[in-house]
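Down below is the structure, laid out as structure tokens.
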Amino acid sequence: MVGGPYYSGNTIEIAANFQIARFVQLVAKPLPNIDILLDHSIATKQYESTELAHPYILFLLATMYNRPEIMQYIATHRLQTCLHRAIALAVLKNKAVAQQRELVAICNEQQSTGWWKNEPLAENWPGSQIATTALIVGILAAQQQKRANKSFSALLRQHQAVAQKTKQLFDSRTEPLRSLALATVNKVCQADKGFEITLLAYFFGQALKSSAHLTNKQYTLLGAASVCGWVAYTIYDDFLDEEGTPVQLPIANIAMRSSLDCFRSALSEDNNFQRYVAHIFTEMDEANAWEVHNCRFTVQTDTIIIIQLPKYGKCTVLATRSFAHALGPMAVLAHHTQSTAKKIRYIEAAFRHYLIARQLSDDIYDWPDDIQAGSASYVVTMILRDMRLQPGTYTLSILLTAMRKQFRHTTMIRTCELALNHVRAARRSFAKYELLQTSNSIYTFLDDLELSLHYSLDQHTKACALVKT
Amino acid sequence: MANNLLEHTLTQAFAALHAVSEDEIQQLSLIDCTLTLSVLPDNNALTGLRSRLAGRLWHQLNPRWIHGGDLGEVFLY
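These protein sequence lines map, in sequence, to chains A and B.
Numbering (this note's numbering) for the first sequence: 1 to 469.
Numbering (this note's numbering) for the second sequence: 1 to 77.
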């Protein structure tokens with residue numbers, strides 16, 4: 001009959017009609033006649049019959065019909081095999097404990113080869129190990145995605161709380177400073193897609209094996225301190241590069257004081273930490289002064305004067321000038337009962353390696369702009385050193401062409417490898433005293449950075465191969 | 001703990017599925033192949049397997065097979 005229900009020989013098989021209904025639902029509109037048949041079979045609980053109570057049919061039912069009686073049946077019956085458990089996991093809603101139980105049971109049943117044992121999927125369908133594993137993997141991956149979405153929503157709320165707190169700090173200021181400051185804070189927070197500015201302290205707190213016992217309010221204050229520090233130094237950097245806008249300077253000053261206030265409020269009784277914060281900011285200013293003094297070339301239209309190249313040594317200055325970024329996590333560590341001076345030193349060293357790797361990774365892309373602005377960044381310096389360039393006056397456009405060639409030839413690979421070494425050193429230092437969980441957001445930042453460096457190297461290799469052909 | 005367990009389990013499973021050989025794909029029944037393709041998550045590690053499964057279906061589901069094939073291979077009853 002057109003539009004169903006469909007016959008198998010002389011009988012109407014519910015299982016076959018379920019599958020046809022699913023197919024038609026996927027490629028066109030549902031078929032009303034089949035829906036009536038299936039409604040009836042659900043109402044009369046035919047899915048409990050032997051031939052229908054198989055994993056695949058139950059999976060189809062659960063996917064197609066969000067009916068409480070089916071969900072209840074799947075949740076309370078037939079949990080004896082992995083596939084049934086997986087299907088129960090897919091339909092259980094708002095039952096975290098039961099979901100967790102099913103999840104752990106399914107994971108524990110996985111063989112060391114990565115497969116699950118083959119299970120029959122329906123009455124006349126023996127199935128295969130590949131199909132069984134695929135069905136379980138599909139359900140587990142959906143669970144993982146749900147968890148990730150839930151976790152992202154929680155992080156977004158936390159991020160918004162930090163942005164709100166920071167804006168409150170400027171809200172009572174008079175115009176035009178108030179509007180300009182709020183716009184700057186908004187810009188910083190909106191650009192912080194990975195929450196690395198607003199939530200680094202929170203991520204670090206979550207990464208610790210044992211809780212640091214900081215309140216949400218403290219994490220919010222540490223986030224606001226970080227945003228304020230970021231706002232202040234972004235504006236100061238513009239001035240150091242002789243690109244500053246005078247109207248922004250008062251914002252930087254207030255942001256700087258607010259950052260210190262937030263650190264004070266977050267850990268009000270820890271005078272040692274407050275001294276540490278002051279010391280870090282002083283070191284940042286020293287590093288900036290060193291950079292302005294040593295890392296600037298004179299550029300006039302298409303002419304550049306190079307007198308001396310800066311000596312970056314082991315790149316420590318790259319970490320020093322941005323270490324305020326890691327002050328949030330260091331505050332969490334200062335509050336952590338299991339911290340010792342030695343452990344704190346290792347975590348600090350780990351963040352320094354991470355910051356160096358990040359700076360090198362940025363410099364790889366920014367160096368043409370840097371040299372044109374007269375800035376001797378690490379990568380600019382390395383290219384010129386690789387070229388064995390003598391002090392003198394050069395035509396910038398000609399020098400740039402030669403620098404691009406040198407960069408492709410040697411500096412690009414060397415800088416990526418150096419950055420990767422710092423990523424590895426960061427990982428070793430973080431892991432040294434086993435303060436952190438084996439999998440955590442801080443390691444994810446390292447993984448992302450490492451991946452992007454490998455990607456750059458890979459693209460570079462392919463580009464070189466293309467040029468050779 | 002559970003997040004790590006789930007992540008580890010999926011990594012192991014992705015590795016096993018990624019290593020499925022062309023012979024194993026050819027030996028899958030049509031319905032196993034279809035189900036596997038329809039339920040596999042959209043994950044980079046499984047892109048190769050998904051495209052090989054799609055290739056296997058594309059080769060089999062030609063007009064000749066559609067006219068003369070056995071519906072029992074597609075719908076279970």
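Yeah, the Cβ is synthetic: ideal placement off N, Cα and C, and Gly gets one too.
Between residue i and residue j, how many whole angstroms is the CB-CB distance? I'm expecting something under 8 Å.
i: P120 of chain A; j: G127 of chain A; result: 5 Å
i: A224 of chain A; j: V332 of chain A; result: Not really, about 15 Å apart at Cβ, beyond 8 Å.
i: L57 of chain B; j: C33 of chain B; result: 6 Å
i: V91 of chain A; j: I74 of chain A; result: 5 Å
i: I383 of chain A; j: T411 of chain A; result: 5 Å
i: F14 of chain B; j: A45 of chain B; result: 4 Å
i: R345 of chain A; j: A319 of chain A; result: Not confirmed; about 14 Å, so no contact.
Using beta carbons (cut-off 7 Å, strictly below), is residue i in contact with chain A?
i: A16 of chain B; result: yes
i: N104 of chain B; result: This structure leaves residue 104 of chain B out entirely; chain B is present only between 1 and 77.
i: L61 of chain B; result: no
i: Q26 of chain B; result: no
i: T47 of chain B; result: no
i: D32 of chain B; result: yes
i: M1 of chain B; result: Any answer about M1 of chain B is weak, because its pLDDT of 46 lies below 50 and its placement is not dependable; what the coordinates show is given next. Chain A contact via Cβ: absent.
i: L53 of chain B; result: no
i: L57 of chain B; result: no
Classify residue i: buried if its beta carbon has 16 or more other beta carbons within 10 angstroms, exposed otherwise.
i: S397 of chain A; result: exposed
i: Q80 of chain A; result: exposed
i: P391 of chain A; result: exposed
i: C416 of chain A; result: buried
i: H54 of chain A; result: buried
i: H84 of chain A; result: buried
i: V277 of chain A; result: buried
i: S38 of chain B; result: exposed
i: P5 of chain A; result: buried
i: Q22 of chain A; result: A small fix is needed here, since residue 22 of chain A is Arg in this sequence, not Gln. Label assigned to R22 of chain A: buried.
i: V27 of chain A; result: exposed
i: Y365 of chain A; result: exposed
i: I66 of chain B; result: exposed
i: L451 of chain A; result: exposed
i: S112 of chain A; result: exposed
i: Y455 of chain A; result: exposed
i: E243 of chain A; result: exposed
Just to confirm my understanding: we take residue i, look at its own chain, exclude 5 residues before and 5 after, and list those with CB closer than 6 Å. What are they?
i: R296 of chain A; result: G374
i: K405 of chain A; result: none
i: P41 of chain B; result: none
i: R52 of chain B; result: I25
i: M497 of chain A; result: Residue 497 of chain A lies beyond the residue range present for chain A, which begins at 1 and ends at 469; the question has no answer from this structure.
i: A58 of chain A; result: Sequence check: residue 58 of chain A is Leu here, not Ala. I74, I87.
i: D386 of chain A; result: Q406, T410, T411
i: D285 of chain A; result: none
Does residue i have its Cβ less than 7 Å from a Cβ in chain E?
i: G114 of chain A; result: Reference to chain E is not applicable here, since the protein chains of this structure are A and B.
Using a C-beta cutoff of 7 Å, does residue i count as contacting chain B?
i: V91 of chain A; result: no
i: Q25 of chain A; result: no
i: G138 of chain A; result: yes
i: Q459 of chain A; result: no
i: A96 of chain A; result: no
i: A350 of chain A; result: no
i: L489 of chain A; result: This structure cannot settle anything about residue 489 of chain A, because the visible part of chain A is limited to 1 through 469.
Please work out which residues of its chain come closer than 7 Å, Cβ to Cβ, to residue i, disregarding the five sequence neighbours upstream and downstream, and give them in chain order.
i: A232 of chain A; result: A252, A255, M256, S259
i: T381 of chain A; result: L309, P310, Y312
i: I307 of chain A; result: P391
i: F273 of chain A; result: L267, A331, A334
i: N294 of chain A; result: P310
i: Q218 of chain A; result: A266
i: L214 of chain A; result: G205, V332, H335
To which residues of the same chain is residue i closer than 8 Å at the C-beta, ignoring the five residues directly before and after it?
i: V292 of chain A; result: L240
i: C189 of chain A; result: H159, V162, A163, T166, I197, T198, V227
i: A16 of chain A; result: Y6, S8
Decide if the stretch 171-186 of chain A is in contact with the stretch 237-254 of chain A; the criterion is three or more beta carbon pairs, one per stretch, under 8 Å apart. yes
Contact between the stretch 319-329 of chain A and the stretch 188-205 of chain A (3+ Cβ pairs under 8 Å): yes
Do the stretch 159-173 of chain A and the stretch 123-142 of chain A make contact, defined as three or more Cβ pairs closer than 8 Å? no
Please confirm if the stretch 155-164 of chain A is in contact with the stretch 131-138 of chain A, defined as three or more CB-CB distances below 8 Å between the two stretches. no
Are there three or more Cβ pairs, one per stretch, closer than 8 Å when the stretch 98-117 of chain A is compared with the stretch 440-454 of chain A? No, they do not touch.
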